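Enquirer: Heads up: the sequence shown at position 133 corresponds to 133 in full-length UniProt numbering, and the numbers run straight through without jumps. By construction, the Cβ of each residue, glycine as well, lies at the ideal position given by its N, Cα and C atoms. Remember, predicted model here, so these are calculated numbers, not experimental data. Sharing a structure here in structure tokens format.
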Amino acid sequence: MQNHPVYTDNDPQTEYSTLNLGPTHPATHGVFQNVLQLDGERIVSGVSTIGYIHRAFEKIAEHRPFYQITPLTDRMNYCSSPINNMGWHMTVEKLLNIKTPKRVDYLRVIIMELARISDHIICNGVLGVDTGAFTGFLYMMEYREAIYEIYEEICGSRLTTNIGRIGGFERNFNTIAFNKMRKFLKEFPAALKEFENLFNRNRIFVDRTKGVAAVTAETALSYSWSGPLLRAAGVDYDVRAMEPYSSYEDFDFEVPVGDNGDVYSRFLVRNEEMWQSLRLIEQALAKLEKEPSDIFHADVPEFYLPPKEEVYNNMEALIYHFKIVMGEVDTPTAEVYHAVEGANGELGFYLVNDGGRSPYRLHFRRPSFINYQMYAPMSQGMLLSDAIINMSSLNIIAGELDA
Numbered sequence: 001m002q003n004h005p006v007y008t009d010n011d012p013q014t015e016y017s018t019l020n021l022g023p024t025h026p027a028t029h030g031v032f033q034n035v036l037q038l039d040g041e042r043i044v045s046g047v048s049t050i051g052y053i054h055r056a057f058e059k060i061a062e063h064r065p066f067y068q069i070t071p072l073t074d075r076m077n078y079c080s081s082p083i084n085n086m087g088w089h090m091t092v093e094k095l096l097n098i099k100t101p102k103r104v105d106y107l108r109v110i111i112m113e114l115a116r117i118s119d120h121i122i123c124n125g126v127l128g129v130d131t132g133a134f135t136g137f138l139y140m141m142e143y144r145e146a147i148y149e150i151y152e153e154i155c156g157s158r159l160t161t162n163i164g165r166i167g168g169f170e171r172n173f174n175t176i177a178f179n180k181m182r183k184f185l186k187e188f189p190a191a192l193k194e195f196e197n198l199f200n201r202n203r204i205f206v207d208r209t210k211g212v213a214a215v216t217a218e219t220a221l222s223y224s225w226s227g228p229l230l231r232a233a234g235v236d237y238d239v240r241a242m243e244p245y246s247s248y249e250d251f252d253f254e255v256p257v258g259d260n261g262d263v264y265s266r267f268l269v270r271n272e273e274m275w276q277s278l279r280l281i282e283q284a285l286a287k288l289e290k291e292p293s294d295i296f297h298a299d300v301p302e303f304y305l306p307p308k309e310e311v312y313n314n315m316e317a318l319i320y321h322f323k324i325v326m327g328e329v330d331t332p333t334a335e336v337y338h339a340v341e342g343a344n345g346e347l348g349f350y351l352v353n354d355g356g357r358s359p360y361r362l363h364f365r366r367p368s369f370i371n372y373q374m375y376a377p378m379s380q381g382m383l384l385s386d387a388i389i390n391m392s393s394l395n396i397i398a399g400e401l402d403a
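Right, dumping it as structure tokens:
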């Protein structure tokens, strides 16, 4: 910490301290910086600095074929990569007017809701750690691991999944994957209930979070918040309900809403969203039983890469593979926007296409970037210790913040 006098017009004798919170402070949970002016332990003002891991994803995307952009989306909110992957695939499908089969939609719902649970496990677990409770975080990691094992069965990867393809999935889900899903559905509810029992009425946790960083619905909307943060402030906006995609209109689920937008409300909203995700997964598994079990992608050979064994042994598959990879299939000249409900809020993809093999322009609407802009103003007047848990409850993922 640097101690030097900073004078204000109102009180020229007041001496403040300057504190660099980040970019490498462990409490920031990412590589970003806040330069704070402190009066003792209370924050007088702050300035946020971002861009430490900016990787120019949007510019890189202008030089990649559509299907090679998926790995870039992995590296935004890497705590729930499959939602990013499938949001991008659905954007391209909207551009190409591809209609996916119901079974593909239901499989996507399962994977996206598992990703949402995984993300919320991390956020609420880390919030517990930042308030001094390590047990819940360690306890829930077992179930994040179970979700990652399901990913492994489907795509062979765990964190940066690159899961799915434009039009569906690379391969069908095997029996082991479905068995692991059912095992997770059987065991996780009891663990989630125990996690809630550890925190929901824990006097220390409630005292540390209730009333901290409260945000009104009007303020949240004026800053374009979305996701659990906006819902915690009392606004029942959820992309899955307002602009359904991937056949979410076929499902019965509730949108959890808080009351005063404080840290405690955000914690409760995310917990309830995990229960709703479990409901959605159970419904999706039931709906799959009524669909043909051998369908896992749309019938669009012009854009869906054929299996490698067919490419090696079938001339037609080899031709399609060559045309897709080399960008020799015409695409519409159009502008499209598609949004999905990411774990942190509305994750949108604005795609401008000029008919080529790569986007003319691609912009990611990253909820962490939108949500984080309010951190410095809302920290004014807070104790430093409260600002830490406020940041934790925002669940800012550096990869999604900078992109």
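My parser needs the alpha helix (DSSP H) runs of 4 or more residues fully inside the region 92–144; what are they?
Expert: Whole alpha helix (DSSP H) segments, 4+ residues: 102–130.
Enquirer: How should Tyr-337 be labelled, buried or exposed, when 16 other C-beta atoms within 10 angstroms of its C-beta is the threshold for buried?
Expert: Under this definition Tyr-337 is an exposed residue.
Enquirer: Given a cut-off of 8 Å, decide if Val-31 and Tyr-52 are closer than it, judged by their beta-carbon atoms.
Expert: A contact, by the Cβ cut-off of 8 Å.
Enquirer: Please tell me whether Leu-96 and Phe-303 are closer than 8 Å, where the distance is taken between their beta carbons.
Expert: Cβ distance < 8 Å, so Leu-96 and Phe-303 count as in contact.
Enquirer: May I ask you to list the residues that DSSP assigns as paired with Tyr-337?
Expert: Tyr-350, per the DSSP bridge assignment.
Enquirer: Alpha carbon to alpha carbon, how far is Asn-395 from Leu-127?
Expert: If I take the Cα positions, the gap works out to 9 Å.
Enquirer: Alpha carbon to alpha carbon, how far is Glu-152 from Ile-43?
Expert: Rounded to whole angstroms, Glu-152 to Ile-43 spans 45 Å at the Cα level.
Enquirer: Cα separation between Asp-105 and Ser-246?
Expert: Looking at the two C-alpha atoms, the distance is approximately 5 Å.
Enquirer: Rounded C-beta distance between Ala-220 and Leu-229? I'm assuming under 8 Å.
Expert: Contact flag correct, Cβ pair sits at about 7 Å.
Enquirer: Have a look at Ile-154 and Asn-174 and give me their C-alpha separation to the nearest angstrom.
Expert: Straight-line Cα distance between these residues: approximately 7 Å.
Enquirer: CB Leu-305 to CB Arg-165, shorter than 8 Å?
Expert: Yes, they are a contact pair.
Enquirer: For Phe-267, collect the residues of the same chain with a Cβ closer than 8 Å to its Cβ; drop the 5 residues on either side in sequence, then sort them by chain order.
Expert: Within the same chain, Phe-267 has close Cβ partners Asn-124, Leu-127, Phe-199, Thr-209 and Ser-393.
Enquirer: Cα separation between Pro-359 and Ala-387?
Expert: Their backbone Cα atoms lie some 40 Å apart in a straight line.
Enquirer: Tell me which residues share the same chain as Ser-118 and place their Cβ nearer than 7 Å to its Cβ, disregarding the 5 neighbours each side in the sequence.
Expert: Cβ within range, chain order: Cys-79, Ser-80, Arg-144 and Ile-147.
Enquirer: Could you tell me the distance, in whole angstroms, from the CA atom of Glu-310 to the CA atom of Glu-291?
Expert: Cα to Cα, the separation comes out at about 25 Å.
Enquirer: Tell me whether the region 369–383 and the region 349–358 touch, counting them as touching only if at least three CB pairs, one residue from each stretch, are closer than 8 Å.
Expert: Not touching, per the Cβ criterion.
Enquirer: When you compare only the Cα positions, how much space is there between Asn-172 and Lys-180?
Expert: Cα to Cα, Asn-172 sits roughly 15 Å from Lys-180.
Enquirer: Compare the Cα-Cα distances from Glu-142 to each of Phe-195, Lys-99, Glu-218 and Asp-130 and report the closest residue.
Expert: For Glu-142, the nearest C-alpha among the options comes from Phe-195.
Enquirer: Is the CB-CB distance between Gly-399 and Phe-296 below 8 Å?
Expert: Against a cut-off of 8 Å, the Cβ pair of Phe-296 and Gly-399 comes out as no contact.
Enquirer: Write down the C-beta distance between Leu-347 and Pro-367 rounded to the nearest angstrom, noting that I regard them as a contact closer than 8 Å.
Expert: With 8 Å as the limit, Leu-347 and Pro-367 qualify as a contact, their Cβ atoms being about 6 Å apart.
Enquirer: Starting from Gln-283 and walking both ways along the alpha helix (DSSP H), at which residues does that stretch end?
Expert: 263–288 is the extent of the alpha helix (DSSP H) around Gln-283.
Enquirer: Just curious, the beta strand (DSSP E) that Ser-17 is in, first and last residue?
Expert: Unbroken beta strand (DSSP E) run through Ser-17: 17–21.
Enquirer: Output needed for Arg-103: all residues of its chain with C-beta closer than 6 Å, excluding positions within five of it in sequence on either side, in chain order.
Expert: Same-chain partners within the cutoff: Glu-291 and Ile-295.
Enquirer: State the Cα-Cα distance for the pair Ala-214 and Tyr-264, rounded to the nearest angstrom.
Expert: The straight-line gap from Cα to Cα measures roughly 9 Å.
Enquirer: Taking the Cβ atom as the reference point for each residue, do Thr-160 and Arg-64 lie within a distance shorter than 8 Å?
Expert: Their beta carbons are not under 8 Å apart, which means Thr-160 does not touch Arg-64 by this criterion.
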